[in-house]
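Asks: Chains A and B are the protein sequences, given in the same order. Residue numbers for the first sequence follow this note's numbering, beginning at 1313 and rising by one. Residue numbers for the second sequence follow this note's numbering, beginning at 859 and rising by one. One structure, as structure tokens, below. Some questions next.
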Amino acid sequence: MIIPIRCFSCGAIIADKYEEYKKRVEKGEHPKKVLDDLGIKRYCCRRMLLSHIDYIDYVIELENRRGAVG
Amino acid sequence: MRLKILEANEKNLVLIIEDVDVSIVNAIRRAILTEVPTVAVEDVIFYENDSPLHDEILALRIGLIPIKAKVDLKFRDECECNGKGCPMCTIYLRLEKEGPATVYSHDIIVEEGVAELPKNIPIVKLAKNQRLKLEAEAILGRGKEHAKWQSGIASYKYYPEIKIKEDCTLCKACVEECPRNVLDVEDDKIIVKDELNCTLCKACVEVCDYNAIDVKGNDRKFVFKVESSSSLDARDIFIKACDVMIDKAKELEELL
């Protein structure tokens, strides 16, 4: 849905780094390099960003359409 | 006990602790994870929430945001207000936003000089005409109660001691095998270039056909790392953890 605030395993804050991560990966940078630059060292935290699917935008889109109809 | 500080800033603290038992070091680690008091949101009152996330999920997300308190708070159950909540034990926060927008942690309004919130943590996204309005109360708590009060992450390892014996034939198998690039060759000798990086995996010992390398962890010397969740400075976390242990020892002494 939306990026979790903390890493599930260790509890480090990861959400504040997500937007930069997303922007840079979409520009074509390798996720490994971006994660290293952001200082995310442990693999528990790295998988939080790597495996995240941000589908809140789709949900919002749905609500927008529903609003237009009813 | 001897201490050497390798790195100390707001976020990280790296220490070498010498002449100490593993039980003491582990006690400090556990105190950092579970006993050091920090501030986090406990109660959230929703006035309006049209966002795609439910109240409960939003309240949890807001709770997980670390809050840097600038005033000394009391525990709510030890406060003069008898647990009702007053400015001595509570930090009051407000949040109001209308979409289309992303609601960030820095959108939360708090009285100046009382607390500081981290920047750029997305809480939720709002579509057009969706509104979010809430009030929240942040209180002092301990990590053992809920992970949102965990002051930081602490870990230690035995100090790695790597010895290269005279049987070495300089085949360089260990240099290639090491996954952390700890070893190197210099002046026809295998040297330890970065022993702090060694994780004691002993891959080099296994690959050596001549038993010429020996890796051991010193169980009286430790590399101790603290990573703050940014509600307290890493250095303060360590000091407060030690204070907690001293208090506990005193309590035990009194009971005896």
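Each residue gets a CB set at the ideal place from its N, CA and C atoms; glycine is no exception.
Need the endpoints of the alpha helix (DSSP H) that L1113 (chain B) sits in, please.
Replies: By 1-based counting over the second sequence, the position of residue 1113 (chain B) is 255. 1092–1113 is the extent of the alpha helix (DSSP H) around L1113 (chain B).
Asks: If we require 3 or more residues per run, which beta strand (DSSP E) segments fall completely within the stretch 966–992 of chain B?
Replies: Whole beta strand (DSSP E) segments, 3+ residues: 980–984.
Asks: Would I1095 (chain B) count as contacting chain A if we go by Cβ distances under 8 Å?
Replies: For the purposes of this step, residue 1095 (chain B) is taken as residue 237 along the second sequence, with counting starting at 1. No, no contact with chain A.
Asks: Can you tell me where the beta strand (DSSP E) with Y1367 (chain A) in it begins and where it stops?
Replies: Position 55 of the first sequence, counted from the first residue, corresponds to residue 1367 (chain A). Where Y1367 (chain A) is concerned, there is no enclosing beta strand (DSSP E), given that its DSSP letter is neither H nor E.
Asks: Is any heavy atom of the ligand ZN found at a distance shorter than 7 Å from the C-beta of V883 (chain B)?
Replies: The ligand ZN is not among the ligands present in this structure, which contains no ligands whatsoever.
Asks: Which residues of chain A have a Cβ atom closer than 9 Å to the Cβ of R919 (chain B), listed in chain order?
Replies: Residue mapping note: residue 919 (chain B) aligns to position 61 of the second sequence, counting from 1. Per Cβ cutoff of 9 Å: I1314, P1316, I1317, A1327.
Asks: Quick check on the burial criterion: 16 or more other C-beta atoms within 10 angstroms. Buried or exposed for F933 (chain B)?
Replies: Translated into positions along the second sequence, residue 933 (chain B) becomes position 75. The residue in question, F933 (chain B), is exposed, as its Cβ has fewer than 16 Cβ neighbours within 10 Å.
Asks: Just by C-beta distance, which residues in the stretch 882–916 of chain B are closer than 8 Å to chain A?
Replies: Listed in sequence order: P910, L911.
Asks: Just mark M946 (chain B) as buried or exposed, buried being the case when its beta carbon has 16 or more other beta carbons within 10 Å.
Replies: Along the second sequence, one-based indexing puts residue 946 (chain B) at 88. Result: exposed.
Asks: Let me check one thing: in DSSP terms, what residues is G1075 (chain B) bridge-paired to?
Replies: Along the second sequence, one-based indexing puts residue 1075 (chain B) at 217. The partner list for G1075 (chain B) (beta bridge, DSSP) reads B:P1018.
Asks: Using the three-state DSSP reduction, which class does D901 (chain B) fall into: helix, strand or coil?
Replies: By one-based count along the second sequence, residue 901 (chain B) stands at place 43. DSSP places D901 (chain B) in strand when its eight states are reduced to three.
Asks: Helix or strand or just coil, what does DSSP make of Y1068 (chain B)?
Replies: Here residue 1068 (chain B) refers to the residue found at position 210 when the second sequence is read from its first residue. Three-state result, Y1068 (chain B): coil.
Asks: In its own chain, which residues sit with a C-beta less than 6 Å from the C-beta of R1118 (chain B), not counting the 5 before and 5 after it?
Replies: The first residue shown for chain B is 859 and the last is 1114, placing residue 1118 (chain B) beyond what the model contains.
Asks: Under 8 Å between the Cβ atoms of E876 (chain B) and R1078 (chain B)?
Replies: Here residue 876 (chain B) refers to the residue found at position 18 of the second sequence. Here residue 1078 (chain B) refers to the residue found at position 220 of the second sequence. Their beta carbons are under 8 Å apart, which means E876 (chain B) touches R1078 (chain B) by this criterion.
Asks: Counting only beta-carbon separations shorter than 8 Å, does C1446 (chain A) have a partner in chain B?
Replies: Missing from the structure shown is residue 1446 (chain A); chain A here goes from 1313 to 1382 and no further.
Asks: Pairs of beta-carbons, one from the stretch 975–994 of chain B and one from the stretch 1043–1060 of chain B, closer than 8 Å: are there three or more?
Replies: With a cut-off of 8 Å, the stretch 1043–1060 of chain B and the stretch 975–994 of chain B do not count as touching, because too few Cβ pairs lie within range.
Asks: Classify R833 (chain B) as helix, strand or coil using the three-state DSSP reduction.
Replies: Limits of chain B in this structure are 859 at one end and 1114 at the other, which puts residue 833 (chain B) out of reach.
Asks: Counting Cβ pairs closer than 8 Å, one from the stretch 1353–1370 of chain A and one from the stretch 1330–1342 of chain A, do we hit at least three?
Replies: With a cut-off of 8 Å, the stretch 1330–1342 of chain A and the stretch 1353–1370 of chain A count as touching, because enough Cβ pairs lie within range.
Asks: Around the Cβ of T1027 (chain B), are there at least 16 other Cβ atoms within 10 angstroms (buried) or fewer (exposed)?
Replies: As a position in the second sequence, residue 1027 (chain B) is number 169, starting the count at 1. Under this definition T1027 (chain B) is an exposed residue.
Asks: Give the DSSP bridge partners of V1050 (chain B), in chain order.
Replies: Within the second sequence, numbered from 1, the residue matching residue 1050 (chain B) stands at position 192. B:L1041.
Asks: E1000 (chain B) by DSSP, collapsed to three states: which one?
Replies: Here residue 1000 (chain B) refers to the residue found at position 142 when the second sequence is read from its first residue. This sequence places Arg at residue 1000 (chain B); Glu is not what is there. R1000 (chain B) falls in the coil class under three-state DSSP.
Asks: Buried or exposed for C939 (chain B), please, with buried defined as at least 16 other CB atoms from any protein chain shown within 10 angstroms of its CB.
Replies: If you number the second sequence from 1, residue 939 (chain B) lands on position 81. Result: exposed.
Asks: Which whole-angstrom value is the C-beta distance of C1066 (chain B) and A1031 (chain B), which I expect to be below 8 Å?
Replies: Walking along the second sequence from the start, residue 1066 (chain B) turns up at place 208. Walking along the second sequence from the start, residue 1031 (chain B) turns up at place 173. 6 Å between Cβ atoms; contact.
Asks: For a test of the three-state rule: what should DSSP assign to T896 (chain B), helix, strand or coil?
Replies: One-based indexing of the second sequence puts residue 896 (chain B) at position 38. Looking at T896 (chain B) - three-state DSSP - the assignment turns out to be strand.
Asks: Assuming contact is defined by CB atoms lying nearer than 8 Å, are L861 (chain B) and R1093 (chain B) in contact in what I supplied?
Replies: Walking along the second sequence from the start, residue 861 (chain B) turns up at place 3. Walking along the second sequence from the start, residue 1093 (chain B) turns up at place 235. No. Outside cutoff.
Asks: By DSSP, does S963 (chain B) sit in helix, in strand, or in coil?
Replies: Sequence index remark: in the second sequence, residue 963 (chain B) carries index 105 (1-based). In the structure shown, S963 (chain B) sits in a helix (DSSP, three-state: H, G or I).
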